[in-house]
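Asker: Quick one: the structure is below, and I'll ask about it shortly.
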Ligand SMILES: Cc1cc2nc3c(=O)[nH]c(=O)nc-3n(C[C@H](O)[C@H](O)[C@H](O)COP(=O)(O)OP(=O)(O)OC[C@H]3O[C@@H](n4cnc5c(N)ncnc54)[C@H](O)[C@@H]3O)c2cc1C
Ligand code: SF4
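Chains as they are written, first to last, in this note's numbering: chain S, 1 to 62; chain A, 63 to 454.
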């Protein structure tokens with residue numbers, strides 16, 4: 001599975017980072033950086049949690 | 063001791079709390095029968111978006127979309143739960159059918175409070191904004207740029223006023239206190255008010271006493287004797303928990319549904335989200351906000367699977383709002399008394415990182431038009447004033 005960011009939608013809330021700090025972070029400019037895009041079994045739960053917490057649905061799993 | 067894992071779990075409410083609880087049950091390993099009962103037909107959507115981008119989306123409204131659920135529950139949508147029998151462990155539905163459970167998640171959320179009766183004719187005249195259907199009506203009504211009176215100076219009232227102004231309406235906001243003062247304190251209230259006025263908002267600080275609806279106009283009479291005329295009245299005067307269906311369940315204290323620090327109402331019943339009053343550092347209360355609903359739901363779901371081995375809720379308030387060209391994020395308890403420490407930027411330039419210290423030793427960090435990771439904002443809010451280094 002792959003995590004996909006719809007960048008124009010992202011408002012930089014950073015709630016996703018809090019749910020999955022291993023997978024993504026906001027950089028100093030407040031841009032979201034996906035550190036791990038290919039999601040393995042181990043990261044699936046936190047990936048799902050990060051997708052769910054985003055209030056503008058800027059992230060999805062495919 | 064761990065409790066026996068239930069086979070059938072029923073979730074009442076299909077909002078973010080019900081959805082998160084369902085996801086979390088699966089994540090925690092629950093592979094039994096999961097049923098969600100929700101009275102809205104729509105798949106779960108983002109409520110916060112309704113008063114922000116969704117009011118202004120060009121063409122089709124999409125800002126509120128959420129990714130499709132993955133919990134594989136059977137969904138009973140468009141019908142509400144009307145009763146709960148805890149002795150026989152059965153949820154009664156409005157269509158007369160019954161749904162048995164081993165364990166129950168109550169996530170029925172809250173609804174908009176209104177000043178009028180809410181009868182069909184009157185509801186058309188006093189709009190509220192809680193549901194997707196409300197947002198669709200509101201979008202349609204403001205498209206012709208009517209004059210608008212917004213009742214209520216909380217975050218929601220201010221967001222609605224901002225959206226209506228952007229849509230080209232003339233807007234007056236009626237609030238008994240200075241807008242946002244109860245949510246954010248006077249320092250930020252004044253700041254937001256100045257931005258709102260610059261964008262053309264008219265503000266009346268006197269409580270609304272009566273609303274009279276006429277043919278094309280409504281008239282709002284204020285406590286100071288003055289009155290306002292508008293083509294559209296929208297009220298944003300708080301929310302009420304959806305607990306009526308629990309009336310005879312024996313679970314309520316008045317209208318309040320109280321849970322413990324693991325979301326429990328009874329051994330086999332948990333509750334989460336806007337409907338639930340839970341223990342916080344400032345007492346037992348409802349905190350009807352997005353991340354509050356999500357955090358509560360995770361804990362509550364885990365409790366059904368693991369019992370006392372589930373961690374207790376360690377609630378950290380997080381709030382955000384977007385209005386009048388400003389975006390605010392706040393980590394920590396609100397409202398904020400007195401003046402802040404300025405950690406970075408300057409409010410006069412509409413970009414700042416601020417911190418308030420409270421008497422109990424905690425703090426609240428606020429970012430205005432400032433993109434900052436939430437974990438960092440949280441660290442700033444809890445750090446001791448002297449030890450704060452925003453660059454850390
Ligand atoms: C316009 C608006 C803007 C907001 N903006 C923000 C914001 O910027 N930041 C923030 O943090 N929070 C914001 N919030 C609050 C946030 O959206 C809520 O805290 C959150 O949605 C609560 O989720 P919930 O699942 O507990 O309740 P709800 O979303 O209310 O979901 C409950 C669901 O259960 C259904 N239901 C109710 N009773 C029954 C029944 N008897 N049987 C079956 N189904 C039932 C309801 O119809 C609803 O679909 C906003 C809210 C609104 C309305
Ligand atoms: S939670 Fe959503 S909006 Fe916020 S940074 Fe993550 S993807 Fe962007």
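Beta carbons: idealized from backbone N, C-alpha and C, even for Gly. Quick caveat: nothing in here was measured; it's all calculated off a predicted structure.
Could you compute how far the alpha carbon of residue 226 of chain A sits from the alpha carbon of residue 247 of chain A?
Answerer: Here residue 226 of chain A refers to the residue found at position 164 when the second chain is read from its first residue. Here residue 247 of chain A refers to the residue found at position 185 when the second chain is read from its first residue. Those two C-alpha atoms are separated by around 24 Å.
Asker: Please list the partners that residue 18 of chain S has in chain A, where partner means a Cβ-to-Cβ separation under 7 Å.
Answerer: By one-based count along the first chain, residue 18 of chain S stands at place 18. Simply 436, 437.
Asker: Could you check where the beta strand (DSSP E) with residue 342 of chain A kicks off and where it finishes?
Answerer: Within the second chain, the letter at position 280 stands for residue 342 of chain A. Residue 342 of chain A -> beta strand (DSSP E) spans 338 to 342.
Asker: Give a yes or no on whether the C-beta atoms belonging to residue 373 of chain A and residue 361 of chain A are separated by under 8 Å.
Answerer: As a working mapping, residue 373 of chain A is identified with position 311 in the second chain. As a working mapping, residue 361 of chain A is identified with position 299 in the second chain. Against a cut-off of 8 Å, the Cβ pair of residue 361 of chain A and residue 373 of chain A comes out as a contact.
Asker: Please report the residue range of the alpha helix (DSSP H) in which residue 218 of chain A lies.
Answerer: The sequence position of residue 218 of chain A within the second chain is 156, counting from 1. Unbroken alpha helix (DSSP H) run through residue 218 of chain A: 217 to 228.
Asker: Which residues of chain A have a Cβ atom closer than 7 Å to the Cβ of residue 57 of chain S, listed in chain order?
Answerer: As a working mapping, residue 57 of chain S is identified with position 57 in the first chain. The answer, in chain order, is 108, 127, 128, 129.
Asker: Do residue 324 of chain A and residue 390 of chain A come within 8 Å of each other at the CB atom, strictly closer than that value?
Answerer: As a working mapping, residue 390 of chain A is identified with position 328 in the second chain. As a working mapping, residue 324 of chain A is identified with position 262 in the second chain. No, Cβ-Cβ distance for residue 390 of chain A and residue 324 of chain A is not below 8 Å.
Asker: What residue range does the beta strand (DSSP E) around residue 307 of chain A cover?
Answerer: What you label residue 307 of chain A is simply residue 245 of the second chain in a count that begins at 1. Looking at the DSSP string, residue 307 of chain A is not in any beta strand (DSSP E), and its letter there is neither H nor E.
Asker: Spell out whether any CB of chain A is found under 8 Å from the CB atom of residue 41 of chain S.
Answerer: The count along the first chain starts at 1 and reaches residue 41 of chain S at position 41. By this cut-off, residue 41 of chain S is not an interface position.
Asker: Within 10 angstroms of its Cβ, does residue 13 of chain S collect 16 or more other Cβ (buried), or is it exposed?
Answerer: For the purposes of this step, residue 13 of chain S is taken as residue 13 along the first chain, with counting starting at 1. Under this definition residue 13 of chain S is a buried residue.
Asker: Measuring CA to CA, which of A:91, A:83, A:104 is closest to residue 97 of chain A?
Answerer: Here residue 97 of chain A refers to the residue found at position 35 when the second chain is read from its first residue. Minimum Cα distance to residue 97 of chain A is reached at A:83.
Asker: State the start and end residues of the unbroken alpha helix (DSSP H) segment that holds residue 361 of chain A.
Answerer: Working through the second chain from its first residue, we reach residue 361 of chain A at position 299. Residues 352 to 368.
Asker: Leaving out five residues on either side along the sequence, give the residues of the same chain with a beta carbon under 7 Å from the beta carbon of residue 450 of chain A.
Answerer: Along the second chain, read from residue 1 onward, the residue named residue 450 of chain A stands at position 388. Because residue 450 of chain A sits at a pLDDT of 44, beneath the cut-off of 50, its placement in the model cannot be relied upon, and the following sentence gives the value as read from the coordinates. Cβ neighbours of residue 450 of chain A beyond the five flanking positions: 405, 417, 442.
Asker: Does residue 21 of chain S get closer than 8 Å to chain A when you measure Cβ to Cβ?
Answerer: Translated into the one-based positions of the first chain, residue 21 of chain S becomes position 21. Answer yes: the Cβ-Cβ gap between residue 21 of chain S and chain A drops below 8 Å somewhere.
Asker: Drop a sphere of 10 angstroms on the beta-carbon of residue 402 of chain A, count the other beta-carbons inside from all chains shown, and report buried for 16 or more, exposed for fewer.
Answerer: Locating residue 402 of chain A in the second chain gives position 340, where the first residue counts as 1. Per the 10 Å Cβ criterion, buried.
Asker: Give me, in chain order, the residues of the same chain whose beta-carbon lies closer than 7 Å to that of residue 439 of chain A; leave out the 5 immediate sequence neighbours on both sides.
Answerer: For the purposes of this step, residue 439 of chain A is identified with residue 377 of the second chain, where counting begins at 1. Cβ neighbours of residue 439 of chain A beyond the five flanking positions: 391, 393, 427, 429.
Asker: Can you name the residues of chain S whose CB is closer than 8 Å to the CB of residue 352 of chain A?
Answerer: Translated into the one-based positions of the second chain, residue 352 of chain A becomes position 290. Those are 55, listed as they occur along chain S.
Asker: Which chain S residues are close to residue 356 of chain A, counting only those with a beta carbon under 8 Å from its beta carbon?
Answerer: Against the second chain, residue 356 of chain A aligns to sequence position 294. Those are 52, 53, listed as they occur along chain S.
Asker: Any beta carbon from chain A within less than 8 Å of residue 2 of chain S's own beta carbon?
Answerer: Here residue 2 of chain S refers to the residue found at position 2 of the first chain. False, the Cβ-Cβ gap to chain A never drops below 8 Å.
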